[in-house]
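Everything below concerns the one structure shown next.
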Amino acid sequence: MTDTKEADMAGERLELTVDTVANGGWCVARHEGRVVFVRHALPGERVVAEVTEETTKFLRADAVEVLEPSPDRVTPPCPFAGPGRCGGCDWQHASLEAQRRLKADVVAEQFRRLASLDLKVVVEEVPGAENGLGWRTRVRFAVERDGTAGLRRHRSHDIEHVTECLIAHPAVEEVGAERLAWPGAAAVEVVAASGGDRAVIVEPVPRRRADIPDVDASVLLDEGRRGTRALRGRASLTERVGERDFRVTASGFWQVHPGAAATLLGAVLDLGRPEPGEWALDLYCGAGLFAAGLAEAVGPEGAVLGVESEPQAAQDARFNLRDLPQAQVERGRVEEALDRLRIERADLVVADPPRAGLGRAVVERVAGLQASRVVYVSCDPATLARDVAWFAGHGYRLEDLRAFDQYPMTHHVECVALLVRD
Ligand SMILES: C[S@@+](CC[C@H](N)C(=O)[O-])C[C@H]1O[C@@H](n2cnc3c(N)ncnc32)[C@H](O)[C@@H]1O
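If you count the sequence shown from 1, position 152 lands on 1276 in this note's numbering, and the numbers rise without skipping.
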């Protein structure tokens, strides 16, 4: 059930003074005592905002006119960003420096609210997209019934017909998926890997065969209901991090910013300080990025176990770690695999769960391993802060937190937290 009310105020225009930033690309304002979550605004601004949604508890609105602009405001580089337009970016109207301050404020606020911790957060730049554009190495385009492609509008199934996407990596843009016709497709995903391969993944409309235009890609996949069919090339790509190549299933998980994999691996190793001979876990290991770094650090006297639920990703991880016999990969859900394998202790745990976070049961299970350090990689500061509070209840203290601007122009931020056992 949603708490969305009959939208009686939708379309109304309100003059608002914008207060602080909130999680999710919104700023907070008040109207007659009610909270209004405003997009396309910045803290300190006076705006005219159009209500887009009314719930029993709050309003959502888009700033459609700026009466008193913030000094952080810039002209959005993308012509498709703005009220009612493409939903891919949230902060095109803020300078990059301001975007990082806003994200730092959001992370700090989540920790204050959910973990009762007062943190000074700095959001660090990730190398590879200095102007905040051209970084997205995986873009999913939605396709209309008539075969035209575009990007979804914010909180909508409607499609914005863009002619280019400025945050897409140039190798994604070279395909020009948004300018081609895709009859019979429901979605098209373009992936550009650092090893030089490029994949186009076409999801057909149910019970239809997509009519695929001529595209410049080494891998072409048809991802129907019966599974993935390779129409051209192999279904996997090569990603390079330092001296190491990783095989990654084209439709599987890999960090989307070109500098993110190396940056996060560096942060995990810096914070976790794996030592030769140690026993380390890499939970939610994907294609084995962190497991590889951990295995090199613990050496042949140590051991690393990666746990991954996606069968293809687990296979990729095994393949990627084949030269490191101290590393093993278990296919399964973290929630059951640790019990099934009777893992009772570890020296170091690295965990990189999806947005939903670890959750109470996994936090308890991981805390029970009595590792001296837990490195928690997270793309959602709210679930991270919640889980850090639960770890605190099991004797783990937040020792360090780094935050990375891995998704410039959007509200997303990546955090790496170090928890140590008191
Ligand atoms: C955020 S990604 C991290 C992958 C890897 N650490 C990396 O940086 O490339 C999360 C991974 O967890 C996997 N996953 C999701 N739920 C899981 C679960 N319950 N147990 C194990 N793995 C899971 C996903 O398939 C995905 O590969």
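The C-beta atom is built at its ideal place from N, Cα and C for all residues, glycine as well. Bear in mind that the values here come from a model prediction, so they are computed numbers and not experimental data.
Checklist entry - Do Val1312 and Val1329 have their C-beta atoms closer together than 8 angstroms? => result no
Checklist entry - Is Arg1414 near ligand 1, with its Cβ less than 7 angstroms from a heavy atom? => result Rather than Arg, the amino acid found at residue 1414 in this sequence is Phe. Result yes, Cβ under 7 angstroms from ligand 1.
Item to check | Assigned exposure category for His1285 - 16 Cβ within 10 Å defines buried | outcome: exposed
Item to check | Expected contact under 8 angstroms - CB spacing of Ala1301 and Gly1376 to nearest Å | outcome: Actually they are not in contact, since the Cβ atoms of Ala1301 and Gly1376 sit about 20 angstroms apart, beyond 8 angstroms.
Next on the checklist: Quick check: what's the CA-CA separation for Arg1154 versus Glu1177?
Outcome noted: 15 angstroms
Checklist entry - Can you list, in chain order, the residues of its chain whose CB lies under 8 angstroms from that of Gly1271, leaving out five sequence neighbours each side? => result Ala1305, Trp1306, Pro1307, Gly1308, Ala1309, Asp1335
Next on the checklist: Within a Cβ cutoff of 7 angstroms, which residues of the same chain sit near Ala1419, ignoring the five residues on either side of it in sequence?
Outcome noted: Val1428, Leu1445, Leu1448, Gln1450, Ala1451
Next on the checklist: By the three-class DSSP mapping on this structure, what secondary structure does Phe1204 have?
Outcome noted: coil
Checklist entry - Using CA coordinates, which residue listed in Gly1208, His1518, Asp1229 is at the minimum distance from Val1544? => result His1518
Next on the checklist: Would Val1453 and Ala1441 qualify as a contact pair, given that the criterion is a beta-carbon distance under 8 angstroms?
Outcome noted: yes
Checklist entry - Hey, quick one: how far does the beta strand (DSSP E) through Gln1452 stretch, first residue to last? => result 1451–1455
Item to check | Contact under 8 angstroms by Cβ, Asp1242 with Glu1298 | outcome: no
Next on the checklist: Taking 8 angstroms as the cut-off, does the stretch 1234–1248 touch the stretch 1497–1512 (at least 3 CB pairs, one atom from each stretch)?
Outcome noted: yes
Checklist entry - Under 8 angstroms, do Leu1389 and Leu1413 count as touching if we go by C-beta distance? => result yes
Item to check | Straight-line gap, Arg1322 to Gly1252 (C-alpha atoms, nearest Å) | outcome: 18 angstroms
Checklist entry - On the three-state DSSP scale, how would you describe Trp1215? => result coil
Checklist entry - What number of angstroms, rounded off, separates the C-alpha of Val1314 from the C-alpha of Gly1157? => result 45 angstroms
Checklist entry - Would you say Pro1207 and Val1188 are within 8 angstroms of each other, going by their C-beta atoms? => result yes
Item to check | Classification of Thr1126 by the beta-carbon crowding that lies within 10 angstroms, buried from 16 upward | outcome: Below a pLDDT of 50, predicted positions are generally treated as unreliable, and Thr1126, at 45, falls in that range; no measurement from the model is reported.
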